[in-house]
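**Q** Please see the structure below; I have some questions.
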Amino acid sequence: MKDRVYIGDLKEHTGSQVSICGWVDVRRDQGKMVFFDFKDMTGVVQGVVLPKSPAMDVAKDVRQQYAVQVSGLVNARPEKNVQADKQNGDIELQIEAIEILNASEPVPFDISSDTAGVGEEVRLKYRYLDLRSDRMQKNMRMRSAFVQKVREFLFKNKFIEIETPILTESTPEGSRDFVVPSRLHPGHFYALPQSPQQYKQLLMVGGFERYFQIARCVRDEDLRADRGFEHSQVDIEMSFVEQEDVMNMIERMITETVESLGFEIKEKPFPRFTYQEAMEKFGADKFDLRTEEEKARGVLAYAWVYKFPFFEKTDEGGWTFTHNPFSMPIKEHVEKLLNKEDIANILTTQYDLVCNGFETGGGSIRAHRPEILRATYEVMGYSPEETETSVGHMLEAFKYGAPPHGGIALGIERNVMNLTGESYLREVQAFPMTRGGQTAVMKAPKPLVDKQLKELGIATKKESDK
Numbered sequence: 355m356k357d358r359v360y361i362g363d364l365k366e367h368t369g370s371q372v373s374i375c376g377w378v379d380v381r382r383d384q385g386k387m388v389f390f391d392f393k394d395m396t397g398v399v400q401g402v403v404l405p406k407s408p409a410m411d412v413a414k415d416v417r418q419q420y421a422v423q424v425s426g427l428v429n430a431r432p433e434k435n436v437q438a439d440k441q442n443g444d445i446e447l448q449i450e451a452i453e454i455l456n457a458s459e460p461v462p463f464d465i466s467s468d469t470a471g472v473g474e475e476v477r478l479k480y481r482y483l484d485l486r487s488d489r490m491q492k493n494m495r496m497r498s499a500f501v502q503k504v505r506e507f508l509f510k511n512k513f514i515e516i517e518t519p520i521l522t523e524s525t526p527e528g529s530r531d532f533v534v535p536s537r538l539h540p541g542h543f544y545a546l547p548q549s550p551q552q553y554k555q556l557l558m559v560g561g562f563e564r565y566f567q568i569a570r571c572v573r574d575e576d577l578r579a580d581r582g583f584e585h586s587q588v589d590i591e592m593s594f595v596e597q598e599d600v601m602n603m604i605e606r607m608i609t610e611t612v613e614s615l616g617f618e619i620k621e622k623p624f625p626r627f628t629y630q631e632a633m634e635k636f637g638a639d640k641f642d643l644r645t646e647e648e649k650a651r652g653v654l655a656y657a658w659v660y661k662f663p664f665f666e667k668t669d670e671g672g673w674t675f676t677h678n679p680f681s682m683p684i685k686e687h688v689e690k691l692l693n694k695e696d697i698a699n700i701l702t703t704q705y706d707l708v709c710n711g712f713e714t715g716g717g718s719i720r721a722h723r724p725e726i727l728r729a730t731y732e733v734m735g736y737s738p739e740e741t742e743t744s745v746g747h748m749l750e751a752f753k754y755g756a757p758p759h760g761g762i763a764l765g766i767e768r769n770v771m772n773l774t775g776e777s778y779l780r781e782v783q784a785f786p787m788t789r790g791g792q793t794a795v796m797k798a799p800k801p802l803v804d805k806q807l808k809e810l811g812i813a814t815k816k817e818s819d820k
């Protein structure tokens, strides 16, 4: 709107006529006068329609959550009326005109207060209203600020941001894939990426040396408070590095980022525990190092866990990886892997970043020599042909001067949960899934129409046919 002033800037205009736009957060009709709290993305201000104001006729019709444009005079409040604990508590807008930009029906739940107690189904059906609440606005803005600070640090340290494909190849490792049928290749499927793992390693072969992206990742996992089908991560990879180089870089990034946002870190440098030490001391590889008093203050207690077992037994008695198959063993265990000896005791260069009881990031130094990756797949019971089918493109790429490299992925939601004090992933995502795997606002998953199925060459079974 022309000449609009944001509510957060109103103090600079004390004594002047202004025009603001936003929503009616609170309405209080006191007969001769009508009071409003108006809200935009920058804050809240109280406005008053005086008895003889030309705005009174419109004010009588305005209700909560109407979108409005308001013109008036910014007045300083008398000292006795100052509300020091409120934003703009020392000014008030004397309203002279109100234009209703769009009316609102009565909202299905109160969004002028904390919506945490509202049922999930209703909150997510009307997520666009839930997002207007103060807490959700704060959470989403904290998420944005965290990502911005991370980006600033990485650009300052010679990293380049590169996007990798969303449609990729399905692989049997890791979690279940979400698959996408191909119309041009009937009977064939793409997979949505569980992570950019292989692409970022190929970027290292491509000579970029320092890469990152804010990556969307999709995994068909069982849902829980801190895990959904979709998540975002700060995905980072570096060439010509050892484990210490990556851990030190990420520690600097996290420290600079969260301290610039006003948070306190319990201990610097971050404490380090081997996987064995963590299990002996805490009984888990993620733990909370804070005291009760530090929890109340919102202190952040970071720690590293490293030297994880590379392999673990499957239910069938074979071997599988503990984190991912692309990791490098620690130097003294490389020969064990190549010879497939003492498999249970081979340690990997995996490192996890833990904070306040959550695993907030994980990475490793990667295998960059074909024989190491091939040996990992042999330990897992793959034949040479199966290994070629699964990661032959990686083995081929590693033949062309692949540099030593390693990296990490930091979960944005889990990091922001720690910053905001939230306990559920859905509180720091704009449009999360329900516990049952349904989308917010929109109605997915749902059946495709027959025309779509025919185009894709897909036939589905009815429930009665199963």
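The numbering used here numbers the first residue of the sequence shown as 355 and each following residue consecutively. Even for Gly, the Cβ is constructed at its ideal location relative to N, Cα and C. Note that the structure is predicted; figures quoted are calculated from it, not measured.
Suppose you measure from the CA of Leu692 to the CA of Arg481; what does that come to, to the nearest Å?
**A** For Leu692 and Arg481, the distance between alpha carbons rounds to 53 Å.
**Q** Compute the Euclidean distance between the alpha carbons of Ser467 and Ala784, then round it to the nearest angstrom.
**A** Those two C-alpha atoms are separated by around 18 Å.
**Q** How many Å lie between Pro408 and Val424 at the Cα?
**A** If you take the alpha carbons of Pro408 and Val424, they lie about 12 Å apart.
**Q** From Asn710, Gly671, Thr368, pick the residue whose C-alpha is nearest to that of Ala698; which is it?
**A** Here the closest residue by C-alpha is Gly671.
**Q** Note the first and the last residue of the continuous alpha helix (DSSP H) segment covering Glu809.
**A** Per DSSP, Glu809 belongs to the alpha helix (DSSP H) from 804 to 810.
**Q** Do you know whose CA, among Pro663, Thr668, Glu621, Thr525, lies nearest Met682's CA?
**A** Taking only the C-alpha atoms, the option nearest Met682 is Pro663.
**Q** Could you tell me whether the Cβ atoms of Gln419 and Val378 are closer together than 8 Å?
**A** The answer is yes: Cβ separation under 8 Å.
**Q** Please report how far the alpha carbon of Glu647 lies from the alpha carbon of Glu713, in whole angstroms.
**A** The alpha-carbon atoms of Glu647 and Glu713 are separated by roughly 22 Å.
**Q** May I have the straight-line CA-CA distance separating Ser777 from Tyr705, to the nearest angstrom?
**A** Taking the straight line from one Cα to the other gives about 24 Å.
**Q** DSSP three-state call for Thr703: helix, strand or coil?
**A** Strand at Thr703.
**Q** Gly471: buried (16+ other C-beta within 10 angstroms of its C-beta) or exposed?
**A** Exposed, because fewer than 16 other Cβ atoms sit within 10 Å of the Cβ of Gly471.
**Q** Tell me whether Gly561 is buried or exposed, calling it buried when 16 or more other Cβ atoms sit within 10 Å of its Cβ.
**A** That one is exposed.
**Q** How would you label Gln567, buried or exposed, when you count the other beta carbons within 10 angstroms and need 16 or more for buried?
**A** Label assigned to Gln567: buried.
**Q** Assess, as a yes-or-no matter, whether the stretch 808 to 816 is touched by the stretch 503 to 517 under the definition of 3 or more beta carbon pairs within less than 8 Å.
**A** Contact fails: fewer than three Cβ-Cβ distances are below 8 Å.
**Q** According to DSSP, is Arg581 helix, strand or coil?
**A** Here Arg581 sits in strand by DSSP.
**Q** Can you list the beta strand (DSSP E) stretches of 3 or more residues lying completely in the stretch 641 to 717, in chain order?
**A** Correct list: 656 to 663, 665 to 667, 673 to 675, 701 to 709.
**Q** With distances taken between CB atoms, is the gap from Gln552 to Met748 smaller than 8 Å?
**A** For Gln552 and Met748, yes; Cβs fall inside 8 Å.
**Q** Quick check: the stretch 707 to 724 against the stretch 600 to 613, are at least 3 beta-carbon pairs closer than 8 Å?
**A** Segments in contact, yes.
**Q** Would you kindly work out how many angstroms separate the C-alpha atoms of Glu781 and Ser737, rounded to a whole number?
**A** Spanning the two alpha carbons is a distance of roughly 45 Å.
**Q** I need the straight-line Cα distance from Ala421 to Asn493, nearest angstrom please.
**A** About 23 Å.
**Q** Is it right to say Leu727 is buried, meaning 16 or more other beta carbons lie within 10 angstroms of its own, or is it exposed?
**A** Label assigned to Leu727: buried.
**Q** Ser529 and Ala545 look like a contact to me (Cβ under 8 Å); what is the Cβ gap, rounded to whole Å?
**A** Ser529 to Ala545, Cβ: 11 Å. No contact.
**Q** Considering only DSSP beta bridges, list what Ser373 is partnered with.
**A** Its beta-bridge partners are Arg358, Ser425.
**Q** Going by alpha carbons, who is nearest to Trp658 out of Val733, Arg626, Lys694?
**A** The shortest C-alpha separation from Trp658 is found at Arg626.
**Q** Measure the C-alpha to C-alpha separation of Phe583 and Arg573 and round it to an integer number of angstroms.
**A** Phe583 and Arg573: Cα-Cα distance of roughly 5 Å.
**Q** Helix, strand or coil for His539 per DSSP?
**A** Reduced to three states, the DSSP call for His539 is coil.
**Q** Extract the residue ranges of the beta strand (DSSP E) inside the stretch 412 to 484, only unbroken runs of 3 or more that lie entirely within it.
**A** Listed in chain order, the complete beta strand (DSSP E) runs (minimum 3 residues) inside the stretch 412 to 484 are 421 to 430, 445 to 456.
**Q** Gly426 and Ile449 look like a contact to me (Cβ under 8 Å); what is the Cβ gap, rounded to whole Å?
**A** 4 Å between Cβ atoms; contact.
**Q** Would you list the one or two residues that DSSP bridges to Ile514?
**A** Note: Ile514 sits in a beta bridge opposite Tyr565.
**Q** From the DSSP output, in three-state form, read off Phe752 for me.
**A** DSSP places Phe752 in coil when its eight states are reduced to three.
**Q** In the structure shown, what three-state DSSP assignment does Ala499 receive?
**A** Residue state, collapsed to three classes: helix.
**Q** Check Tyr544 in the structure and name its three-state DSSP category.
**A** Three-state result, Tyr544: strand.
**Q** Does the Cβ of Asp383 have 16 or more other Cβ atoms within 10 Å, making it buried, or fewer, making it exposed?
**A** Under this definition Asp383 is an exposed residue.
**Q** Per DSSP, Leu295 is paired with what?
**A** The structure shown does not extend to residue 295, since the chain spans only 355 to 820, so no value can be given for it.
**Q** Where DSSP assigns a beta bridge to His722, which residues make up the other side?
**A** Answer is none; His722 lacks a bridge partner.
**Q** Relative to the alpha-carbon of Ala457, which residue among Thr518, Phe463, Gly376 has its alpha-carbon at the smallest distance?
**A** Minimum Cα distance to Ala457 is reached at Gly376.
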